Amino acid sequence: MKRSHRALSAAALGLTLAAGLAGCGDGTTGTTAAAPAEGPHIAFLVPSTSLRSLTYDVPNFTVALHERCPTCVVDVQTAADQATQNSQGQQAVTAGAKAVVLVAIDGAQAGDLVNAAKSADVPVVAYDRLVKNVPLDYYVSFDGGAVGKLGAQAILDAAGPDTSGGAVVMLEGDPADNNAGLFAAGAHSVLDGKVAIADERYVAGWSSTQAEVEMTEALKSLGGRKLLGVYTAYDGLAAGALQALDKAGYSGVPITGQDAETAALQRILAGTQTMTVFKDLPAQARATATVVADVLDGKTPQTTGTTDNGSGAVPTVLLQPEAVGKPEITSKVLATGYTTADALCAGAASTLCAQQGIG
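First residue of the sequence shown: 3, per our numbering; consecutive thereafter.
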C-alpha cells in the first residue's frame with residue numbers, strides 16, 4: 003500500500019523526534035514490541051525565524067529518513083544568528099553526528115561549520131540555501147531562478163501589453179540568503195526591458211513588518227506613474243506590502259508571493275493577492291532524506307546536476323516550483339496534502355472557498 007506523504011506538524015512528531023529517528027538498519031525483530039537501538043545522529047540546523055522548518059521540513063525529513071533508517075536520531079537545533087548556528091554544528095560534529103543538514107542563516111558566513119564537518123569527514127547537506135566558498139557535499143533546493151521568473155511573469159500578464167506610463171515595485175528577500183539573489187535574477191530576466199522598475203528593495207529577515215516599511219518608501223519612487231504591480235519574493239512580504247498599499251489608498255494592484263502560505267492562499271481567493279509560487283516542501287524534505295540515507299548506506303546519491311558555490315561543483319538536487327493562482331489551489335496545493343481544505347477554509351474564508359467549490 004502506497005503511503006500518503008502529507009505535511010506533518012511538529013507537534014504530531016514530537017514523540018517520534020524525542021524517541022529518535024536515526025541510523026540505518028532493520029531494528030530488532032520478535033514477538034514483542036521493543037524500542038530499536040539508537041543509531042547514527044543527524045543534526046538538522048534551522049533558523050529560529052523559519053516557521054516552515056518546523057512545520058514542513060523537519061517533520062517530513064524525519065518520517066522519510068525513518069523509512070530508510072529506522073533507528074536514526076534527528077537532532078533539531080534552532081538559532082537566531084550564524085555564529086550560534088556555526089557553534090551548534092561544530093558541537094554536533096564533535097558529539098559524533100554522522101551528517102549535518104543545514105538551513106544556513108547566512109550562506110556567506112556558514113563556512114566555519116562546513117569546514118569543521120569536512121575535517122571530521124562528516125557530510126553536510128545545504129538545505130534550501132546554498133553555502134558559499136567551502137567544500138560543500140550536497141545541496142537540495144528549488145530552482146531559484148524559476149521561482150523569480152514565475153512571479154515576474156505573473157506581473158507582466160496582469161499588467162497587460164501596454165505598460166507605458168507605469169512601473170512596478172520589487173521587494174526581494176533577505177540579502178543574507180543566497181536564494182534572494184537567485185529569485186531576483188530570475189525576476190529581472192523576465193521584467194527587464196519590458197516594464198519600468200520604480201524601486202527594488204531587499205527586506206532583511208524576510209520580515210513582513212519591514213516589508214510594509216520598504217513598500218511605503220518605494221511608493222515615493224513612482225513619481226506620478228501608475229503602479230502596475232508589486233513583485234515580492236515571499237508571501238510574508240506580500241502581506242506587508244498590502245498593508246502599505248491599503249494605507250496609501252491603493253487597491254486591486256497585482257502582487258505576487260511565494261510559499262503558498264495559508265494566509266496567502268486566502269488572499270488569492272479574496273482577490274487581494276494575484277498568485278504565489280508553490281514549492282512542494284514535503285517533497286524537498288523527502289529528497290533530502292534520500293540523500294542522507296544513501297550517504298549513510300555508502301551509496302552515491304542521485305542528483306539533478308551541480309551548482310558552483312565558489313569552491314567547486316556541488317552535487318545538487320533541484321526541484322521545480324509551480325505558479326498557483328485561484329484555479330490551481332485545489333489541483334496543485336490541496337491535492338498534494340500541502341495544506342487541507344479545513345485549514346484553508348477556516349473562519350471568514352469559508353465563504354470564499356464555497357465560491358470556488360472548495361470544501
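Where is the CB? At the ideal position from N, CA and C, for every residue including glycine. This structure is a prediction, so every number in the text was calculated from the model and none was measured.
If you draw a straight line from the alpha carbon of G109 to that of A285, how long is it in whole angstroms? 22 Å
Measuring alpha carbon to alpha carbon, tell me which of V136, K196 and N180 ends up nearest T165. K196
Give the C-beta separation of K134 and N180 to the nearest angstrom, bearing in mind that I take them to be a contact with Cβ-Cβ under 8 Å. 7 Å
R203 in three-state terms, based on DSSP: strand
May I have the straight-line CA-CA distance separating G168 from N117, to the nearest angstrom? 49 Å
Where in the stretch 245-280 do unbroken runs of the beta strand (DSSP E), each at least 3 residues long, occur, reported from the N-terminal end onward? 278-280
Three-state secondary structure assigned by DSSP to D310: strand
What would DSSP say about S166, mapped onto helix, strand or coil? coil
Identify, in the order they occur along the chain, each residue of the same chain with its Cβ nearer than 7 Å to the Cβ of A160, setting aside the five sequence neighbours on each side. G231, P256 and T276
Would you tell me roughly how many angstroms separate the C-alpha atoms of P177 and L336, rounded to the nearest one? 31 Å
Cα-Cα separation, T292 to A325: 26 Å
Backbone CA spacing between M217 and V297 [nearest angstrom]: 45 Å
Inspect the beta-carbon positions of A122 and A45 and report whether they are closer than 8 Å. no
Report buried or exposed for G375, applying the criterion of at least 16 other Cβ atoms within 10 angstroms of its Cβ. It is not possible to answer for residue 375, since the shown part of the chain is limited to 3 through 361.
Hey, which unbroken runs of the alpha helix (DSSP H) at 4 residues or more fall wholly within the stretch 119-193? 146-161 and 180-193
How big is the Cα-Cα spacing for T57 and S352? 23 Å
Which same chain residues, not among the five before or five after P303, have their C-beta less than 8 Å away from its C-beta? Y140, T292, V293, D296, V297, P317 and V319
Could you give the DSSP three-state label for T57: helix, strand or coil? helix
CB of F185 within 8 Å of CB of E174, strictly: yes
Measuring straight from C-alpha to C-alpha, what distance separates Q1 and T308? An answer regarding residue 1 cannot be provided, because it is not within the stretch 3 to 361 covered by the chain.
If you draw a straight line from the alpha carbon of G273 to that of C355, how long is it in whole angstroms? 12 Å
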